[in-house]
Amino acid sequence: MDLNDFVQVNSPPKKVEEPYSGNISAGKNTYVYDAHTYHTKVPPEGIEQFIRYYTNAGDVVLDPFCGSGMTGIAAQRQNRKVILSDLSPAASFIAENLNSPIDAEEYMDAVNALLGKSEALEKRLYSTECRECGRTATVLYTIWSYGAVCPSCGREFIIWDVARDEHETVKESKILSEFDCPFCKSHLKKRELKRTQLYPVALGYKCCTKSLKEQVRPLTDSDRDLLNSLTYDSIPRDIWYPRNKFPPGINTKQPIAAGIDSVDKAYFPRALYAYAFLWNEAMKWPDEAIRKKLLFTLTSLYQRITKFSEFRFWGGSSNIANYNVPHIINEQNVFRTFERKAKTIYLYFRSEGVFDGQNCRVFTGSACSLPGIPDKSIDYIFTDPPFGSNINYSEMNFLWESWLQNYTDNTEEAIVNRIQGKGASEYGELLTRAFSEMKRVLKKGAWLTVMFHNSSDKIWRELQNAIINAGFEIRGVLTFDKKHGTFKQFVSENAVGYDLVLNCQAARSGETIREIRLEDEYQEIRTFFKARLKQCGRENYIVHYEHVNRKDEFDYRKLYSEWLSQAVEKEKIVVDFERFRKVIQEELNIGG
959 MDLNDFVQVN
969 SPPKKVEEPY
979 SGNISAGKNT
989 YVYDAHTYHT
999 KVPPEGIEQF
1009 IRYYTNAGDV
1019 VLDPFCGSGM
1029 TGIAAQRQNR
1039 KVILSDLSPA
1049 ASFIAENLNS
1059 PIDAEEYMDA
1069 VNALLGKSEA
1079 LEKRLYSTEC
1089 RECGRTATVL
1099 YTIWSYGAVC
1109 PSCGREFIIW
1119 DVARDEHETV
1129 KESKILSEFD
1139 CPFCKSHLKK
1149 RELKRTQLYP
1159 VALGYKCCTK
1169 SLKEQVRPLT
1179 DSDRDLLNSL
1189 TYDSIPRDIW
1199 YPRNKFPPGI
1209 NTKQPIAAGI
1219 DSVDKAYFPR
1229 ALYAYAFLWN
1239 EAMKWPDEAI
1249 RKKLLFTLTS
1259 LYQRITKFSE
1269 FRFWGGSSNI
1279 ANYNVPHIIN
1289 EQNVFRTFER
1299 KAKTIYLYFR
1309 SEGVFDGQNC
1319 RVFTGSACSL
1329 PGIPDKSIDY
1339 IFTDPPFGSN
1349 INYSEMNFLW
1359 ESWLQNYTDN
1369 TEEAIVNRIQ
1379 GKGASEYGEL
1389 LTRAFSEMKR
1399 VLKKGAWLTV
1409 MFHNSSDKIW
1419 RELQNAIINA
1429 GFEIRGVLTF
1439 DKKHGTFKQF
1449 VSENAVGYDL
1459 VLNCQAARSG
1469 ETIREIRLED
1479 EYQEIRTFFK
1489 ARLKQCGREN
1499 YIVHYEHVNR
1509 KDEFDYRKLY
1519 SEWLSQAVEK
1529 EKIVVDFERF
1539 RKVIQEELNI
1549 GG
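Numbering follows my numbering, in which position 479 of the sequence shown is assigned residue number 1437; successive positions increment by one, without gaps.
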């Protein structure tokens, strides 16, 4: 990448003497946030506040760990230029498409045309007979349940038959984690059971009922005959789909153990047929801009249409940062799921308007090396690097990248992952290289904002050392309230978030993190705890559960996030969450 014509090397950055210290609201229930899933996303509305504070219109913003590209949305909304880069081809694909909305009506016309081409196949794959009127209805989803063997009596049963706890409302209904064997009445824990095979146990459809609620019914013989006829071999040979083997990894271990050792096996045969058909048709689209957006819509489905989609009585399914194989799976109608997601993306395009594409550049590459960006050419950096071992991005993006046929080179993936041979020190070294590159490209006097979360003292020290050894100093710290979508100073009485936002500038001295004896640190925690109780009151740290039968609890994580805020700014983190909680528990017992 050559960005000499995109940046302005000779212009000074906005002069900002003090780090941002105000509260920032950043809700998640927005069209852009819902348009496409990703493992971590910072609402762009929050990033916009930082961009306004630290830059002027026309300045250049960089995010070298861009993920889904929320920094790009925020920058373009504020009339700034933005450079987005990520090690993952899947991330850069998502970021590019989110940052280049097209005409909403043209997009929806293409979606409807693609669904029109799919009508005959949908009828073939997803038809059932309405139990009330006998007419043909469309299957919206099929529920699959693993069988299990009772360790006491050795007999097999279907988990769906014994674990579901249904009530009048879906909010009250749930799948039990513990239950009795239907044969010998031994008390069993679901997670400890040996699974057998998958059984289709029910399906949902809409037909002649007056309400909008789906009818959930057991399968008929015809339904079972249809499923039995749909095998991987029944998919036409001219329809391409990936057959890549899942690589060894932290998150790929469970699906491989469950027999899902390749990408195609992550889908039921029917879902694979439907998804591959849509993918192949989208790939043929003559208009490149439309083609990319159709593929973008398909990648937005992610785990929702796989065997990793857990059944929930209240509907929907989540895309989580692991490949957990649930005991009870929701196999959704791929065409209807595609249509629903397309409507969400349509609303995003319509609300955002068309970006001209002149202010955003997206690249795939390591944050440790940004060769196309000239020295001292960036006016501001906002970034959200990997949080230690919290998420294994290259593993979780393998599903997307197998369809895109473009894979992450994880050599410089800055994570803690024993399969890759990376511990805390290797993670810290990679972060240091990344922050050193940021220091190189950042203009003199410009600011760097880093969002981060972890409960490990080792990871925090690696982050701090990386920032300092790269030539930065931490000038200010805020906390991010995930629940309410707000950034707040740690002194706020209502600061309940667990992510920290570190505002940094080039260091004015070469100081490093000072070493502190553990007992001294414990005493500082005790002093901090007493001061917070005196300032805010103990009630401010009590969690009340109004809608469930659960005792009030002390909110250790809220207090820990406040401790982190002031400790990180003083560059003296040496205590992880578990040890911190132990110290506070001792104080609570002493104080009654």
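The beta-carbon is built from N, C-alpha and C at its ideal position, and this holds for glycine as well. Bear in mind that the values here come from a model prediction, so they are computed numbers and not experimental data.
Buried or exposed (CB count within 10 angstroms, at least 16 for buried), residue i
i: residue 1461; result: buried
i: residue 1228; result: buried
i: residue 1473; result: Only weak support is given to the placement of residue 1473: the predicted model assigns it a pLDDT of 46, under 50, and the question is left unresolved by the model.
i: residue 1282; result: exposed
i: residue 1126; result: exposed
i: residue 1261; result: buried
i: residue 1166; result: exposed
i: residue 1554; result: The requested residue 1554 is not part of the displayed model; the chain covers only 959 to 1550.
i: residue 1128; result: exposed
Start and end residues, beta strand (DSSP E) containing residue i
i: residue 1287; result: 1286-1290
i: residue 1551; result: Given a span of 959 to 1550 for the chain in the structure shown, any question on residue 1551 remains unanswerable.
i: residue 1157; result: 1152-1164
i: residue 1458; result: 1457-1464
i: residue 1174; result: 1173-1175
i: residue 1404; result: 1400-1410
i: residue 1252; result: Per DSSP, residue 1252 belongs to no beta strand (DSSP E); it is in the alpha helix (DSSP H), 1246-1257.
i: residue 1020; result: 1018-1021
i: residue 1114; result: 1114-1116
i: residue 1137; result: 1136-1138
Range covered by the alpha helix (DSSP H) that runs through residue i
i: residue 1095; result: From DSSP, residue 1095 is part of no alpha helix (DSSP H) but of the beta strand (DSSP E) over 1094-1107.
i: residue 1186; result: 1179-1187
i: residue 1074; result: 1062-1083
i: residue 1341; result: Where residue 1341 is concerned, there is no enclosing alpha helix (DSSP H), although the beta strand (DSSP E) it sits in stretches over 1336-1341.
i: residue 1516; result: 1514-1527
i: residue 1211; result: 1211-1215
i: residue 961; result: Careful: residue 961 lies outside any alpha helix (DSSP H) and carries neither H nor E.
Cβ-based neighbour list, residue i, same chain, cut-off 6 Å, excluding 5 preceding and 5 following
i: residue 1012; result: 974, 1338, 1405
i: residue 1347; result: 1374
i: residue 1142; result: 1110, 1111
i: residue 1483; result: 1541
i: residue 1120; result: 1137, 1140
i: residue 1278; result: none
i: residue 1216; result: 1283
i: residue 999; result: 1026, 1028
i: residue 1225; result: 1264
i: residue 1069; result: 1300
Under 8 Å between C-beta atoms of residue i and residue j
i: residue 990; j: residue 1031; result: yes
i: residue 1220; j: residue 1203; result: yes
i: residue 1387; j: residue 1073; result: no
i: residue 1459; j: residue 1396; result: no
i: residue 1155; j: residue 1105; result: yes
i: residue 1534; j: residue 1413; result: yes
i: residue 1061; j: residue 1320; result: no
i: residue 1429; j: residue 1464; result: yes
i: residue 1259; j: residue 1240; result: no
i: residue 992; j: residue 1302; result: yes
i: residue 1017; j: residue 972; result: yes
i: residue 1353; j: residue 1207; result: yes
i: residue 1286; j: residue 1135; result: no
Same chain, Cβ closer than 7 Å to residue i, neighbours up to 5 away in sequence not counted
i: residue 1333; result: 1398, 1399
i: residue 1490; result: 1517, 1520
i: residue 1389; result: 1343, 1372, 1420, 1421, 1424
Bridge partner(s) assigned by DSSP for residue i
i: residue 1203; result: 1220
i: residue 1361; result: Answer is none; residue 1361 lacks a bridge partner.
i: residue 1044; result: 1322
i: residue 1434; result: 1461
i: residue 1086; result: 1095
i: residue 972; result: BP columns for residue 972 are empty, so no partner.
i: residue 1268; result: 1287
i: residue 1145; result: 1138
i: residue 1039; result: 1018
i: residue 1511; result: 1501
i: residue 1055; result: DSSP lists no partner for residue 1055.
i: residue 1380; result: 1375
Nonlocal neighbours in the same chain, by C-beta distance under 8 Å from residue i, ignoring five residues either side
i: residue 1163; result: 1086, 1088, 1095, 1096, 1097, 1098, 1172, 1173, 1175
i: residue 1351; result: 997, 1045, 1046, 1049, 1344, 1366, 1371, 1373
i: residue 1201; result: 1220, 1221, 1222
i: residue 1064; result: 1248
i: residue 1359; result: 1046, 1047, 1048, 1365, 1366
i: residue 1378; result: 1368, 1371
Cβ of residue i within 8 Å of any chain D Cβ
i: residue 1343; result: Protein chains in the displayed structure number just one, and chain D is not present.
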